[in-house]
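See structure below.
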Amino acid sequence: MTSRTSSTNWKHAFAETYRWSIKRNRGMMALFATLLFLMFPAVVLFGLANANIRTDSMTLEVYPISEQYANVFGDIVRYTMLLTVSSLCVLFTLLFAVQLFRYMHNKRSTDLFHALPVQRSAMLLGRVLAGLTALYVPLLLNTGITALIALSFDIKDKGVQIGGLFLQVLGLMLVLAAAFLFCVLMAVCSGTTLDMVLSVIGVNLSFPILVYSCIYLIGCLLPGFSPSIDLGSTLFVALAPFVGIFLHTTNSSTFFVWWAILTVFLAFLSVYLYRKRKSETAENTFAFQIPKGLIRFLITAVGGFSLGYMLYWYYSSTANFLIGMLLGSFAAHMVVEAIYSRGFTRMKRSLAGYAVFLGAFVIFYGVVATGAFGYVDRMPNLEDIESVTFEDYTYYQEFGSDHFTIQGEQYESLAEQNPKLCQKENLEKVLTFHQAVIDFQKEMGFPFSMNRETGGIQYQFVYHLKNGDTFRREYRNTRFEEFDTDSAVQDLQEQSASIVNSEEYKTSGNLLFYLEPEEISEIEVENYDEHSEMASKTYRLNDMQKKELLEALRQDTLNMDITGHEDYSARLTGLTLVCGNDGLLQPKEGGRLQELAGEYQGKIWVPVNQYVLTEKQNDLQVVQFLKKLGWYTPEN
Amino acid sequence: MIEANQLTKRFDGITALDQISFQIQSGSIFGLVGSNGAGKSTFLRTLAGIYQPDGGRITLDGEIPFENPTVKARIFFIPDYPYFIPQASLDDMAAFYSRLYPNWNQERYEACCGMFPINRKARIGNMSKGMQRQVALICAIAAQPDLLLMDEIFDGLDPVMRQLLKRIVGSEVVDRGMTVVIASHNLRELEDFCDHVGLFHRGGVLFERELDALKLGINKVQAVFQPLPEPDAFQGLDILKTEVRGSLVSFVARGTKEQILERINALHPVFAEVLPLTLEEVFISEMEVAGYDIENILN
């Protein structure tokens, strides 16, 4: 009975808090709705009304008005959602949070609200729901108006377009919930509204920078590490929901699952902490010390990395980076402490927090510089490997690229083919070479230092394991010129050459070995002689010639030493192999390209490759072929 | 009944309430006196459920107020600087409170609005300090709490309003048995209003007593003797403080008026009278006996 009464009281208090909070924020909601209207549906309306719609019969045949409107609608929605709607949402999320939770930061208002017969959980959650309502109602209202505008212009695929719009807004609402609850948590943890706002801004700006900085540092220090930095990924904005608002147009399910989880977690944490929060902390800097410490840590680290990288980029030395890190972090620590403590009176005491940061950085740097607990030495076993994709970016791939992609008619990716090694003999070669690369990296200096790997990727190993996993290592440009006399360098180059010159390597990722002769439509021969006007001639080939040409190109590829460097100062001729209609072709049934396309039955796009031939390459079979037909002369 | 047991509250290393223990009976008007920083407001806020005690406990009829809406619904707290929702009028505040306090009495509210000269539609933020206190009091009375907590409520009120306040609160105590705890450092204001008083000093309760018993059991005597009797002639009187100026002897003594007069008259004074003590004088006398520098405590 008691619990039922208590539950009824809670619901009543929650409902009253919600009702009252909404009432108090009606004006702000109206303002938000109006601004959204001006920057979203109004922009869409004006955009569609003034769209440059082509009405000539030829255009309309392939491009109906409804489709033209649909494209304009899609473009405007994309840009307004990304820029104006997201920006307004960021602003009003913060404003509503301040409006609804600033009462915690004033001793007099806490006297009023904390004396009321309302549980703190009901008081907090009632306001949270009011805040979300204040954000969602104007957003949904304006989305509805936008949908009506789209309907009135009779855009193509209305259902899909409007459904897509609402899905996008749904995603935005989810991130907004996380952002709003993040503000609530900061409000609960802060003693003043200024500290709350500074903390929200500080964390949202510094977290993505810190993640980027850490990954970049690992990439600089740790041989083999492939950072694959994608600034739009969830990791970079995991604790920065305000930045996440601008990424809500992503299709990543991880992104939305993360915000859903974070929203629930933040709600629970906020309620838990609010129940623990002491009313007397109003007007102090922080209600809880741990969040203050974490935020200070975050901003201190960002300050350190920022100055560290500034000095590092200028001089590219580990020492400069470390000096910059030390000075920058200390300066950032002082600034944060001065802001949070409103002066320097607690600076001495706060140095313990700075010492914690330094300790954490030293451990992090030490772990990475010494190989990250064996990360550097880790390699898969031969018996676990299904195949390896290996790239040595040192060499210029003369006969077209050693990898290619095929796309469907709508440019959707169908397959990407890279040099792939499956034969045991080649796998052993790769593993041996990989071990040699690791040993070489260690020979260059251990613990690893930052100034060793600053360029692009030199070697890339991607092991596809039998259990379905992938094991990837990338080694950035090594300054071989500093080690030219070292036999280890020559040894590395020889081992790499042995791999890239293997038949399996040359054939697995080269389009020539996937084409059928009948898929070639014509060739273009261009003369790049600087003394004559550049001329291009197109030749159509009969079936026999196509077969002969393809065979010649394949044989030349197999005979070629990929590691060799051709002299391109000699007179050049370009041979372009055109497949289908400028690269769009119907693959031969049963051919290797169709095999790569899988279930896809339409036409495919293949790259149009040009093969550059110099006058010194007379022994190439393709040159002989062209000469035989009279297509390879300076007169060309 | 309000019961504080070893109640402790600390702020950043400062102990505002240091293990205080005492009781306040239901239906009484209890005055909390003490200098600034004595712990009066902290005690009220802890009792109102705003502060959570750091040690010990405080209860209203056996229940802890902190995070307990059932108990809080029976308490109304008027702080020293009452807070009102920005832009709100008296009617707005009444609407706000009426939905949260289960005993809210709209008729009582209307009646109180008639008693106080307040424009119920005007913004409270634009009102004077005294008028804001009147607004808070109107809301408090309409909420019909079992326990009314008031912190420095007399500040800013003119004498007429002070009397009105005392009359309205007094009638609530008489009619409904409401308990009132009122904190002030002004003993003179509490003297004719409270039935119990407690003296707070540096987080502790120095003194807690029923006011009538306190005042009736101690008297001030002024007598003129010619010649002055020997000091040991006053033996038998429980004198707390003596002052002699020429032939005028003034002293404060414990005992009833009749008992004291009988003893003095036996010494054949030229003139003798027994005067009632103000609350402040009673406290000064008692505290000096207890060894405290009362002037410093109260001022």
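Taken in order, these protein sequences are the chains called A and B. Read in the working numbering, the first sequence has 7 at position 7, and its numbers run on one by one without any break. To convert, take the position in the second sequence, counting from 1, and add 1000; that gives the working numbering. Quick reminder that beta carbons are idealized off the backbone N, C-alpha and C, glycines included.
Per DSSP, the unbroken beta strand (DSSP E) holding L1206(B) starts and ends at G1204 to E1210. Using beta-carbon distances, K1215(B) does not count as an interface residue toward chain A, since no partner is under 9 Å.
In terms of beta-carbon proximity, I1075(B) lines the interface with chain A, with at least one pair separated by less than 9 Å. With a threshold of 9 Å between beta carbons, Y1083(B) makes contact with chain A.
Taking L135(A) as the centre and dropping the five residues before and after it, the same chain places the C-beta of L176 closer than 6 Å to its C-beta, in chain order. Exposure of I363(A) is indicated by the presence of fewer than 16 other C-beta atoms within 10 angstroms of its C-beta. Apart from sequence neighbours up to five positions away, the residues of its chain that approach P138(A) with a beta-carbon distance below 7 Å are M29, F32, A33 and L36, ordered along the chain. Three or more Cβ pairs closer than 8 Å define a contact, and the stretch 197-213 of chain A falls short of that threshold against the stretch 274-281 of chain A.
Contacts between F1011(B) and chain A, judged by CB atoms closer than 7 Å, involve E280 in chain order.
Contact between L575(A) and Y611(A) holds: their C-beta atoms lie close to 5 Å from each other, under 8 Å. By the C-beta density criterion, E425(A) is exposed, having fewer than 16 other C-beta atoms within 10 angstroms. By the Cβ rule, the stretch 58-73 of chain A does not count as touching the stretch 1048-1064 of chain B, because fewer than three pairs are nearer than 8 Å. Taking CB atoms only, H114(A) has a neighbour in chain B less than 9 Å away. Contacts with chain A (Cβ-Cβ distance below 8 Å) from the stretch 1037-1069 of chain B involve R1045, A1048, G1049, I1050, Y1051, Q1052, E1067 and P1069, listed in chain order. As DSSP reads the structure, F92(A) sits in no beta bridge. G164(A) and A267(A) have their C-alpha atoms roughly 28 Å apart. In summary, the residues of the stretch 119-132 of chain A whose CB is separated from some CB of chain B by less than 7 Å are Q119 and R120, in the order they occur in the chain.
At least 9 Å separates the CB of T345(A) from every CB of chain B. G191(A) sits buried, since 16 or more C-beta atoms from the chains shown fall within 10 Å of its C-beta.
Along the stretch 1102-1126 of chain B, the positions whose C-beta sits under 9 Å from a C-beta of chain A are P1102, read in chain order. At a Cβ-Cβ threshold of 9 Å, L1157(B) and F1076(B) do not count as neighbours. Within 10 angstroms of the beta-carbon of F1271(B) lie fewer than 16 other beta-carbons, which makes it exposed.
Around the C-beta of F265(A), fewer than 16 other C-beta atoms lie within 10 Å, and the residue is accordingly described as exposed. Taking C-beta atoms as the reference points, I209(A) and S306(A) count as a pair closer than 9 Å. Interface annotation, R1099(B): in contact with chain A, CB-CB separation under 9 Å.
When only Cα atoms are considered, D469(A) and L269(A) end up about 36 Å apart. When beta bridges are read from the DSSP output, M325(A) appears opposite no residue. With respect to L172(A), S86(A) sits close: the two C-beta atoms are nearer than 9 Å. In this structure the stretch 1088-1097 of chain B does not touch the stretch 1166-1179 of chain B; the number of beta carbon pairs closer than 8 Å is below three.
Fully contained in the stretch 229-269 of chain A are the following alpha helix (DSSP H) runs of length 4 or more, in chain order: 234-237 and 241-245. Of the residues assessed, K1009(B) falls on the buried side of the cut-off, its CB having 16 or more other CB atoms within 10 angstroms.
Taking C-beta atoms as the reference points, A287(A) and V188(A) count as a pair closer than 9 Å.
When DSSP states are grouped into helix, strand and coil, V606(A) belongs to the coil group.
I1020(B) and Q1006(B) have their alpha carbons spaced roughly 5 Å apart. DSSP places T281(A) within a helical segment (H, G or I) once states are collapsed to three. When only Cα atoms are considered, L125(A) and F14(A) end up about 7 Å apart.
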